[in-house]
Amino acid sequence: MKNKRLLTWVLVAAGIWSAGFVYNVFIGGYPSWLREMYGRKVALAAEIDQPKIIIAGGSGAHYTINSEVMEAELGVPVINFGTNGGIGLNVLLPSVLDQVNPGDTMLLIPEYPLLLTDDGLDDLSASFGMMIGRPGLGGVPAHDLAHNFLQLGVPSLQALVRTGQDVVREGRFDYYGDPLTQRGDATIEIPRQADWWKMRIRSQVSDYAVERLQQFADEVEARGGTLVLSLPWLYGSTEEETINNVQATANALSEIAVTLYDPETLNIQTDSDLFADTHYHLKISARVLRSQQLVEELQASVPAFQPTASEATQ
Amino acid sequence: MNFSEFSFWWVLLLFCVPFFTVRMVAKSFNLWRPAFDAVGLAAMSLILFLNASRASFIVFGVEILFNYFMVKWMLTKEGKQARLIAAAIIIFDVGVLAYFKYLTFFVEGVIGLGTTVPENWEAGFPLPVFNQIPPGVSFYTFQMVAFVVDSLKARRKKPIGLLDYVNFVSFFPQIVAGPIERRSALLPQISSFRFKFTAENWDWGLRWLSLGLFMKFVLADNIAPYIQMDQVANAWLVWFSAFLFTLRIYFDFAGYSFMALGIARVLGVKLTVNFLAPYTSQSINEFWRRWHVSLSTWFRDYVFLPLMGSRKSLAPAFLFVTFTLSGFWHGAAWNFIIWGAYHGALLLLLRYAGRPFNRFVGRYVARPQIVSWAMTFSAVVLGCLFFMETNSGRLVAKIKTLITPWAYSPSNFGELIARFEGGGGIVLLLSLGLAITFLLMEYWAVRQERPEYELFLHPWVSRALLGMTILFAANAPSEFIYFDF
Amino acid sequence: MNPTATQSQTATSPVEAIQVWLVQQLADVLSLDPATIDVTQPLTRYGLDSIDAVTLVGDLEDWLDLELPATLLWDYPTISKAATYLVDEFEVTVDASDL
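So the sequences go chain by chain: A, B and C.
Going by our numbering, the first residue of the first sequence is number 2, and it counts up by one from there.
Going by our numbering, the first residue of the second sequence is number 27, and it counts up by one from there.
Going by our numbering, the first residue of the third sequence is number 47, and it counts up by one from there.
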């Protein structure tokens, strides 16, 4: 009888936690949005059965590319595989590696936190791995795994209010209400509420990230692909510290693979008008500019995309 | 222990799974000695403390051994000699506390008032200077001091085992932020400790734990992000932030205390109920009977009464001094001293002016208790303004704002209302709605002369609280405020 | 201080005598009508504060000529409990004529 009473505690906790888990992972929370986006991108990539360009990175890739512009200029299918930088280098890289088929080009545009990391892990590493059915991906420690697993069943008042608003206003659960194009590009632009300030980059790429990226280059090659890197566009400071760190980062990345960036600006932008809600996310119009830059750089630096070379293969 | 940190629960789990497996297996082979339970509890407490803070653990280790052997020695002596040893222990304990907690304040805040203290005085100081107080030292020092005094007064000077003493002062649910327990209440429960995991203990433990979790993670943590410390010029916002802080600190600290109570109860130990619905109070006296009970009674028994001795006619002065000291205990800064003195002054004001005032109000107002409650609560909110603002410059600016009539302009009021717009406003409104419902449920119990938290401890209500905690817990928990004290 | 209050009731036992005395003191200190004081209700209910609590114990000590714990009225927070404790613990006897 008394033990039955204790069982009710377990039932209440497990039942409500499960409901929270379903909400977070499948209905309305930020995790569900990320999981769904990843799943859709996997499906879109699978539809392409010829050599392609895969653009990988965090939201600094997702919200910065117009794949159609690139595809039209390069004549090769382009898929935007940008997800979220918060999943960390260790999870990001294996989560895109599976998409590489022989002849593909993997264009990785990592945001700076991914490059400055000392352990390749970040806030969303553990939960993202679990959500895509690969718990522990990226070597997440057991402690973080358990913690994040527990949190996956906790929606929070804030998120529930947000979902409530979405349902009332738009009649749907989508966290960002952000449909993707056939090539995985973002279609919305979120305006910035806070004031702008120029971001500083206080250190250069970490030894850890260099090593991990070198390993990734080898893995991509083993699957018959080619890795190309690019510095992200950043609304940033042009003071010496940042310039030096970004330059050193560019030099280190160039040792691993072809690294695309404007040698004049190092891809540090000084016009905040190009940017949407964060220092990385671009406005829709700026995504076209960014894509054109990538096209030119690819044509200039990667033999496969040189205009003459591509004509010769036809 | 920091119950809001996952690592506490993780280490607890990592310890408990192998420990209780071994215990179960050993019991089935009849190899388990009851005394191993006490060793297990001590190991659990010390490992958790070590995990929480290494620096604090070393300090604690030294204090524990010093106190134990000194008290043991004291118990072999009589009269004046025993009292001298007791004094030496207390001076040592308070000295350690003062060194870690008050040194910087004393040099920069007090000596610095009169003369200029060089920027780098720390470098020339013979001992290392700490900018952060080791967690728990304020609380366990008080428990150790009380133990010395109570042992000195105890009628039967029975020697105490080291293991029992370690379990008494390091009992992990309460070591870092109380409740501060007394020898007579905790020692009998913890001597020759045995785990008593009965269904009843589990059930009651989970009820208190659910209540504490709800208060901390749903109420305190969802309100916390809306407290704006940097709003200085708008009187409405200054009041509103102080009001939110008043709610937050109660839910934060009482939530912590009840979690401690619940965890202890699962282990079979009953701790003091540290809060008794303080915001239902209708006088400042009553507030102090209901707020942080174990600290108030500590100050009463080990500061106020001994300081006063037989000079009972000077009681009002000693009461004021005690409250000022209690403010100082909360933190090494002027605002805490002011806060303590403010409450001491309020008590005296209530004593000498409150009774005639009450009679006056009683004559003209139909329900004078509402007036008493409102005045008491406002006084507590104003006190929280002193309490929350460690930056003296900003505190003075805020007080100036509060007494400036045009700081209460309609446009400033509009700015307050604007806080409630958008999604964030809904979260704040819902959190306030839950908080006020919670306080009304406390009030109902107090009015019915039932135990303050009876409604929340009802079997199904407490399960509902756990469910609501899982759904609504803020996903960025804030630190427990009392860990800084 | 000598107990000077006059009582209409006659105290029969020491417990009752102490109760009567405490009621009278409380009524004096808090300006209440002694008839409204219930000996089984917590003293704080009538507005007794910490200062009153210690001074009342001081007066009690003078009256009974005993040394009492200063926390008496916290540990035994009603008149009835305090009176019973005093009689049980200190074997207090009160001469009815003292009242």
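Don't be surprised by glycine CBs; every beta carbon is placed ideally from N, CA and C.
Requested in this report: Evaluate the contact criterion for the region 259-266 of chain B versus the region 244-251 of chain B: three or more CB pairs, one atom per stretch, below 8 Å.
Outcome: Result no; under three Cβ-Cβ pairs closer than 8 Å.
inquiry  = For a quick check, are the C-beta atoms of Pro199/B and Ala286/B less than 8 Å apart?
reply    = Contact check for Pro199/B against Ala286/B passes: the beta carbons are separated by less than 8 Å.
Check: In or out: Arg274/B buried (at least 16 other Cβ within 10 Å) or exposed?
Finding: Looking at its Cβ environment, which holds 16 or more other Cβ atoms inside 10 Å, Arg274/B is buried.
Item checked: For Tyr236/A, the three-state DSSP class (helix, strand or coil) -> In the three-state reduction of the DSSP assignment, Tyr236/A falls in the strand class, which pools E and B.
Fill in: Host alpha helix (DSSP H) of Leu375/B (start-end)
Trp360 to Leu375 is the extent of the alpha helix (DSSP H) around Leu375/B.
Buried or exposed for Pro233/A, please, with buried defined as at least 16 other CB atoms from any protein chain shown within 10 angstroms of its CB. Buried, since its Cβ has 16 or more Cβ neighbours within 10 Å.
**Q.** Segment limits, alpha helix (DSSP H) that includes Val79/A
**A.** For Val79/A, there is no enclosing alpha helix (DSSP H); the residue is found in the beta strand (DSSP E) stretching over Val79 to Asn81.
What are the residues in the region 8-41 of chain A lying within 7 Å of chain B by C-beta distance? Correct list: Thr9, Trp10, Val13, Ala14, Ile17, Trp18 and Gly21.
- request: Determine the chain A residues that contact Trp36/B at a beta-carbon separation under 9 Å, and present them in chain order.
  value: Ala143, His144, Ala147 and His148, listed in chain order.
Met255/B (DSSP reduced to helix, strand or coil):
Three-state DSSP puts Met255/B in coil, outside helix and strand.
Contacts around Lys140/A, its chain only, beta-carbon distance under 7 Å, and the 5 residues preceding and following it disregarded: Before going on, a small fix: residue 140/A reads as Gly here, not Lys. If we look at Gly140/A and ignore the five residues flanking it on each side, its Cβ neighbours are Asn91.
Self-check item: Any chain B beta carbon closer than 8 Å to Val75/C
Solution: Look at Val75/C: its C-beta is not under 8 Å from any C-beta on chain B.
*In whole angstroms, what is the alpha-carbon distance linking Val26/A and Met38/A?*
In a straight line, the C-alpha of Val26/A is about 12 Å away from that of Met38/A.
> Leaving out the 5 sequence neighbours to the left and right, which residues in its chain are closer than 6 Å to Asp98/C when beta-carbon positions are compared?
Replying inline: So the list reads Val75, once near-sequence residues are dropped.
- Item | Ile452/B at chain A interface by Cβ criterion, 8 Å | Answer yes: the Cβ-Cβ gap between Ile452/B and chain A drops below 8 Å somewhere.
* To do: Kindly indicate which three-state DSSP category Ser231/A falls into: helix, strand or coil?
  => Of the three classes helix, strand and coil, the one that applies to Ser231/A here is strand, per DSSP.
Between the CA atoms of Val299/B and Glu478/B - distance to the nearest angstrom: If I take the Cα positions, the gap works out to 10 Å.
Cβ closer than 8 Å: which chain A residues qualify as neighbours of Ala225/B? In chain order: Lys3, Asn4, Arg6 and Leu7.
**Q.** Straight-line Cα distance separating Ile310/B from Glu135/C
**A.** Each residue's alpha carbon lies about 33 Å from the other.
Practice prompt. With a floor of 3 residues, list each beta strand (DSSP E) that falls wholly inside the region 49-96 of chain A, ordered by position along the chain.
Written response: Listed in chain order, the complete beta strand (DSSP E) runs (minimum 3 residues) inside the region 49-96 of chain A are 54-58 and 79-81.
Checklist line | Anticipated Cβ contact below 8 Å, Phe82/A with Gln100/A, distance rounded | finding: Between the beta-carbon of Phe82/A and that of Gln100/A there is about 7 Å, and that keeps the pair under the 8 Å contact cut.
Can you tell me the Cα-Cα spacing of Ile73/B and Val163/B, whole angstroms? Between Ile73/B and Val163/B, the alpha-carbon positions lie close to 17 Å from each other.
Using 10 angstroms around the beta-carbon of Thr91/C, count the other beta-carbons present and answer buried if the total reaches 16, otherwise exposed. According to the sequence as given, residue 91/C is Arg; it is not Thr. Classification of Arg91/C: exposed, given that the 10 Å Cβ count is below 16.
Practice problem: Pick out whichever of Thr350/B, Ala359/B, Val407/B and Tyr378/B has its Cα sitting closest to the Cα of Ala367/B. | Solution: Proximity to Ala367/B across Thr350/B, Ala359/B, Val407/B and Tyr378/B peaks at Thr350/B, based on C-alpha coordinates.
Practice task
Closer than 9 Å by beta-carbon distance: list the chain C residues that pair up with Leu373/B, in chain order.
Solution key: Chain C residues near Leu373/B: Asp95, Ser96 and Ile97.
- Query: Any residues in the region 309-328 of chain B with a beta carbon nearer than 8 Å to a beta carbon of chain C? Which ones, in chain order?
  - Reply: Considering only beta carbons, the part of the region 309-328 of chain B lying closer than 8 Å to chain C consists of Ser309, Asn311, Glu312, Arg315, Thr323, Arg326 and Asp327, in chain order.
8 Å CB neighbourhood of Phe92/B in its chain, flanking five on each side removed: Excluding residues within five positions, the ones whose Cβ falls inside 8 Å are Ile115 and Phe118.
Using the beta-carbon of each residue, which ones in chain A are nearer than 8 Å to Gly449/B? Correct list: Gln159, Val162, Arg163 and Gln166.
Short CB-CB distance (under 8 Å) between Ser177/B and chain A: Not an interface residue.
Near-chain A residues of the region 227-246 of chain B - C-beta to any C-beta below 8 Å: Against chain A - using a Cβ distance shorter than 8 Å - the residues of the region 227-246 of chain B are Trp228, Asp229, Leu232 and Val244.
- Query: In this structure, does DSSP put Ala280/B in helix, strand or coil?
  - Reply: Ala280/B: helix per DSSP, three-state reduction.
Give the range of the beta strand (DSSP E) segment to which Thr260/A is assigned.
Looking at the DSSP string, the run of the beta strand (DSSP E) that includes Thr260/A is Val259 to Leu261.
Check your understanding: Excluding sequence positions up to five away, which residues of its chain have a Cβ less than 6 Å from the Cβ of Ile253/B?
Key -> Contacts found: Ser267, Leu270 and Phe271.
Which residues, in order along the region 489-503 of chain B, keep a beta-carbon less than 9 Å from a beta-carbon of chain A?
So the close ones are Arg489, Ala490, Leu492, Gly493, Met494, Thr495, Ile496, Leu497, Phe498, Ala499, Ala500, Asn501 and Ala502.
Nearest to His484/B (by Cα), restricted to the options Gly440/B, Arg233/B, Ile425/B and Phe412/B:
Per the Cα distances, Arg233/B.
Neighbour-count burial assignment, Met255/B, 16 or more Cβ in a 10 Å radius: Answer is exposed; the Cβ neighbour count stays below 16.
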